[in-house]
Amino acid sequence: MDEASGKTLGITGAVVLLMCSVVLLATASQKETSEKERYHEPITLTVTAYSPDPSQTDHTPFEMASGRIAKKTELEQLLFVAVSRDIMEKYNLKFGDTIWIGFLVEDTMHKRITENIDVFFENEELAKKFGWQKRSVIIEKK
Numbered sequence: 178m179d180e181a182s183g184k185t186l187g188i189t190g191a192v193v194l195l196m197c198s199v200v201l202l203a204t205a206s207q208k209e210t211s212e213k214e215r216y217h218e219p220i221t222l223t224v225t226a227y228s229p230d231p232s233q234t235d236h237t238p239f240e241m242a243s244g245r246i247a248k249k250t251e252l253e254q255l256l257f258v259a260v261s262r263d264i265m266e267k268y269n270l271k272f273g274d275t276i277w278i279g280f281l282v283e284d285t286m287h288k289r290i291t292e293n294i295d296v297f298f299e300n301e302e303l304a305k306k307f308g309w310q311k312r313s314v315i316i317e318k319k
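Take 178 as the starting number for the sequence shown in this note's numbering and just add one per residue.
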């Protein structure tokens, strides 16, 4: 084996060790909340879209109900959703919980809207392209 391949194996070994460490840390943190509390059966909800336009939000369009300010780079990654308050209450959701359509819960919707999740898009054009969809959603507590 030459020096170059020896270094490659060393890096590979370090990566495998790091991956194992991450898995162990993740497993340890999961014990804090029981599996039954963390995951729920898939539910079907209406999934819509919104953008940081004052006509679709309040006077602070980038600030979410959690207090977090959405950055343009985060909006490009489609990280955040607003969840209707009935779903927040029914599943005891907290800001920062993840729902699997793969978004972070960081906002809520007007109390008149129920059984709904609203994906936060960078602009209205992208939100309109997403449109209105029915999606299966799995809720994961942090």
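Beta carbons are placed, not taken as given, at the ideal position from N, Cα and C, and that holds for glycine.
All figures in this text were calculated on a predicted structure; none of them were measured in a lab.
With 16 other Cβ atoms within 10 Å as the buried cut-off, status of residue i
i      : result
Ser313 : exposed
Ser261 : buried
Trp309 : exposed
Asn293 : buried
Asp284 : buried
Glu302 : exposed
Neighbourhood of residue i by C-beta, 6 angstroms cutoff - its chain only, sequence neighbours within 5 removed
i      : result
Pro219 : Ser313 and Ile315
Val224 : Ile294, Gln310 and Arg312
Neighbourhood of residue i by C-beta distance below 7 angstroms, restricted to the same chain and skipping five residues each side
i      : result
Leu252 : Phe297, Phe298 and Glu299
Thr291 : Ser261 and Asp263
Ala304 : Ala226, Tyr227, Ser228 and Phe298
Pro238 : Pro229, Asp230 and Pro231
Residue nearest to residue i in terms of C-alpha spacing, selected from the options
i      : options                           : result
Asp263 : Arg289, Phe257 and Val282         : Arg289
Ser243 : Phe272, Glu302, Ile276 and Asp235 : Phe272
Met286 : Val258, Phe280, Lys267 and Ala304 : Val258
Leu256 : Thr223, Thr234 and Ser228         : Ser228
Asp230 : Phe280, His217, Arg245 and Glu240 : Glu240
Thr234 : Leu222, Thr223 and Ala247         : Ala247
Asn269 : Trp277, Val282 and Ile278         : Val282
Thr217 : Thr223, His236 and Lys267         : For the record, residue 217 in the displayed sequence is His; it is not Thr. Cα-wise, what sits closest to His217 is Lys267.
Thr221 : Lys306, Ile278 and Lys249         : Ile278
Gln254 : Lys306, Phe280 and Phe307         : Phe280
Checklist line | Start-end ranges of the beta strand (DSSP E) lying completely within the region 212–283, minimum 3 residues | finding: 220–227, 257–260 and 275–277
Check: Considering only residues of the region 291–319, which uninterrupted alpha helix (DSSP H) runs meet the minimum length of 4 residues and lie entirely inside it, listed in chain order?
Finding: 301–307
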